[in-house]
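Top to bottom, those sequences are chains A and B.
If you read the first sequence in my numbering, its first letter stands for residue 1, the second for the next number, and so on.
If you read the second sequence in my numbering, its first letter stands for residue 1001, the second for the next number, and so on.
Virtual Cβ for every residue (Gly too), placed ideally from N, Cα, C.
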Amino acid sequence: MNEKDRKDGFQPRQWLVEPDFVVERDPEKCIQCQVCVRQCANDVHRYDEDDETVSSDSSPCVGCHRCASLCPTGAISIKRSELDFRPHGNWTAAALRNVYKQAETGGILLAGMGNDQGLPVYWDRLLLNASQVTNPSIDPLREPMETLTHLGRKPDRLRLLERDGGVALATRIEPQLELQVPVMFSAMSYGSISYHASMALARAASEAGTYANTGEGGLHRDIRPFGDNMIVQVASGRFGVDSEYLNSAAAVEIKIGQGAKPGIGGHLPGEKVDGAVSETRMIPEGTDALSPAPHHDIYSIEDLRQLIYSIKEATLYEKPVSVKIAAVHNVAAIASGCVRAGADIVAIDGCRGGTGAAPTMIRNNVGIPIEFALAAVDSRLREEGIRNQASVIAAGGFRCSADVVKAIALGADAVYLGTVALVAMGCHMCQKCYTGKCNWGIATQDPYLTRRLNPDMATRRLVNLLRAWKLEIKEMMGGMGINAIESLRGNREHLRGVGLTDRELRILDVKAAGE
Amino acid sequence: MISGLTTDDKEMSGCAISGIMSEVGRPFSGESIIRSIANMHDRSNGLGGGFAAYGIYPDRAEDYALHVMCDHEDGLKAAEAVIADRCVIRHTEPIPTRPMRAIRRRPILSRCFVRMREEELERNYDRTEDDLVVSLVMDVNTHVEGAFVFSSGKNMGVFKGVGYPEDIGRFFRLEEYQGYIWTAHGRFPTNTTGWWGGAHPFGLLDWAVVHNGEISSYGINRRYLANFGYHCTLRTDTEVIAYMFDLLVRVHRLPLRAACTAMAPPFWSQAERLSEDERELVRALRVVYGGALLNGPFSILVGHSGGMVALNDRIKLRPLVAARRGDMLYLASEEAAVREVCRDPERLWNVRGGTPVIGELRGQAKADATPTVLSGGGQEV
């Protein structure tokens, strides 16, 4: 709160909005060391110099657990607010609180991270197969187990020519991204996340043999050396885009939409645009970075084709061009259009996908789950005989390696990981990324906070996560009697549905358990 | 479609396979292949046996020989009507059989020798005669009640049914035929009731596949083939293998060895040790034909008029031995099946996983010469 607000008599406490959390301090354990005071960017904890005591005000607490995690004596506990409303099926506490907030501010409700409404997670209703008797399972500790994945356009067939008693390739294969493990880091911009977080993602991708996506944040000059493992994004704001940017990465992605907020643009507040962000995004310091809802040069599919080919021209046809779209109702036809427009990769972001900031109503109510979108897109591209022409990346709320294996069996070539990578770096899912006060130093530009994230440790944690998932993916593949990832991809015979309706099974093109 | 044809599950089976070929095209009777497969009796359970024979119809070598099995006379009439609509039928006869106590409840078995009508070829100017025969077979098998075309090549034939393979062989009087390639199969199905159409070999045009194993990549192989217009109606692994050979070799014109590399490629770690050209070829095949990779345990024998191919899965989860003596090539699940018909082979070896053994009619098919590292090899036994 600044001085002007104080003078104007601004009320810091919204009078109808109760705290979300209750912070309790055990006086027996607290040693007044003030770690909590220094750690909380939301000013929950205060030190009274006269009384020499530390006390807490629960109302600004976001539940990020930073203070509790670092308290040396375990004196702090954080609980959901016990101030319960009288139960009401329609008027839940969250619904009431949203109304109070809007009556207070007259503004659009904001939210961070993905949809928190408890939508069904269909991955949990799909079960994987394993071999018994007739088909031996394969032990990845003893036998090769291949997860190498190529993303990009493939020809329908190869032509081979006889030459000197051997054969020679007569078909040129378009540029491909080569992934050691079929997951990549999703678009998260420098600006929305800190320099250290961006750097850790790039370094981890490079170390693990996969790719990280810049989002619409430009490519910081320090990260350019990792360009061979980066995908650079061209979004509606075109921040940070120039020829050098396009050519410094392994692939270029045109961002049309995002699962957390399909149909709308983005907004990085000027407060987050410091010197380095300003330089990387190529915008003046302190100005808001507003990404329009549509690309103002894409009003239809033929315009997308122009942009795809402009980028291919600018990069000498040496890099695959990806198009990222949000999973919306008609996603299969849209994806088909993108492939026909020349996309080498189509990334589909489901409605549980994360974000640094989105209007709550959009995040919670727009789009469809990635499971259905992916199944529909893969089937549609196959029906049209153009599945070879583009790789499909699934995104949006992937939590574990089993989700990834199921997505690949459903038809994805690879999976984008966003939220889970932040969690690996320490995110505690308080969902307040849009405030810029991330106590874990991830989604903030405040130098006091960003230095909390050690880039070496964050890199190590990300590499560990990918390593662990790769091991688990190999175990699951081996159990199915499969030793190459291409035999899992689109192999829906290895999925069975539980608790799904006939229609859902039909759309997923998966048999029910027992069939 | 013949009744009981649509089993709802992918077929799983353990089996015996055997193949014998004269690489100079010298014909020999079916007696030896019957003895060879009979020597692996315990690898089958009496629910299916079958044979493919090449060079058996020299007098009608230019005609497609359609072998049809039917539940009832109406099925046969309906199938013949569909065939006559598109083809000139040059000859029709019942497939000769002899009464066998072990063979019961047999379908009506008939064969006709046909060529596509000129007007059909003109109307489908953008497709080959082979393409039209494939469509004809698929149409009969999916739409004609009670009828099933189980062999459709030239100068070759598939003979199969429910029973032990040696009984099926005698039932079809195969010792009376002379062919230069013979393959055989004894079936041990684990989850389907035996029915005549479900026995191996699975044939399409002059491809005939016998197969021991289970394809764990079946789900994606089937969807991959659907991109190219193949509709798997039998839900058997074997059908997928036959279509894959047809697509890769006949339609995409890949050399046989390259097609085998696409279906059972070297591991990436093995490819790294190849020369740059070979590595690039392997990479291209894997990148483009990922959907054609056959995973899971299998040993397969594929016959075609130009030869015979044997292929093991990449980590050799099913047995397969090869032997040579003079112009003869022998391939079988067990050494015993080879020794039964060739006491003293000049060379006998275990086929290496992912490495095809290719028997070629001499003076034919030079097109599949490939880099040396991808060819040959195997351990002597």
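- Considering only beta carbons, the part of the segment 475-491 of chain A lying closer than 8 Å to chain B consists of M480, G481, I482, N483, A484, E486, S487, L488, R489, G490 and N491, in chain order.
- Looking at the DSSP output, V1357(B) bridges to A1310(B).
- A Cβ-Cβ distance of about 16 Å is found for the pair D1206(B) and S1135(B), leaving them out of contact under the 8 Å criterion.
- Between I1241(B) and V1288(B), the CB-CB gap reaches or exceeds 8 Å.
- Under the DSSP assignment, Q306(A) falls in the alpha helix (DSSP H) whose first and last residues are I301 to A314.
- Taken in chain order, the members of the segment 169-196 of chain A whose beta-carbon sits within less than 8 Å of a beta-carbon on chain B are L169, T171, I173 and Q176.
- The C-beta distance from E18(A) to S81(A) rounds to 6 Å, short enough to meet the 8 Å contact threshold.
- Residue-level contact by beta carbon holds for P1255(B) and chain A, with a gap shorter than 8 Å.
- Separation of E1335(B) and M1021(B) (C-alpha to C-alpha, rounded to the nearest whole angstrom) is 16 Å.
- A direct Cα-Cα distance of roughly 6 Å separates D156(A) from N388(A).
- Secondary structure note for W469(A): its alpha helix (DSSP H) is the uninterrupted segment P455 to G479.
- The alpha-carbon separation between R142(A) and T444(A) amounts to approximately 45 Å.
- Following the DSSP letters along the chain, one finds K272(A) in no beta strand (DSSP E), marked with neither H nor E.
- V1162(B) carries a coil assignment under DSSP once its states are collapsed to helix, strand and coil.
- Taking the Cα positions, L1361(B) is about 13 Å away from L1256(B).
- Look at N1295(B): its C-beta is under 8 Å from a C-beta on chain A.
- Around H1252(B), the beta-carbon contacts reaching into chain A at under 8 Å are R157 and L158.
- DSSP, reduced to helix, strand and coil, places P262(A) outside both helices and strands of the structure shown, so it counts as coil.
- Assignment of H1067(B) by DSSP, reduced to helix, strand and coil, places it in the strand class.
- Among the residues of chain B, none has a CB under 9 Å from the CB of P320(A); the nearest is roughly 12 Å distant.
- In this structure, the CA atom of H1252(B) is about 17 Å from the CA atom of I386(A).
- When DSSP states are grouped into helix, strand and coil, W1195(B) belongs to the coil group.
- Within the model, the alpha-carbon separation for D1139(B) versus L1076(B) is close to 14 Å.
- Contact check for M145(A) and M477(A): beta-carbon distance about 6 Å, within the 8 Å limit, so the pair qualifies.
- Chain B places no beta carbon closer than 8 Å to that of E371(A), leaving this residue out of the contacts.
- Sequence-ordered contacts of the segment 1216-1241 of chain B with chain A read S1216, S1217, Y1218, G1219, I1220, R1223, A1226 and N1227 [C-beta pairs closer than 7 Å].
- Under the 10 Å beta carbon count, R163(A) is surrounded by fewer than 16 other beta carbons and is classified as exposed.
- For a cut-off of 8 Å, the C-beta gap from G1019(B) to G1055(B) is around 14 Å, too long to register as a contact.
- Ranked by how close their Cα comes to the Cα of I362(A), the residues A341(A), R503(A), H196(A) and G112(A) have G112(A) in first place.
- For S1151(B), the closest of H1072(B), A1052(B) and L1281(B) by C-alpha to C-alpha distance is A1052(B).
- Annotation for W1349(B): the continuous beta strand (DSSP E) segment containing it runs R1347 to N1350.
- Going by beta carbons, V234(A) and I311(A) fall inside the 8 Å limit.
- By the rule that beta-carbons nearer than 8 Å mark a contact, E143(A) touches chain B.
- Taking F1159(B) as reference, the option from R1324(B), L1329(B), H1185(B) and E1119(B) with the minimal CA-CA separation is H1185(B).
- Boundaries cannot be given for W440(A), as no beta strand (DSSP E) includes it and DSSP labels it neither H nor E.
- Selection E1176(B), M1100(B) and T1355(B) evaluated against F1267(B) yields T1355(B) as nearest (Cα-Cα).
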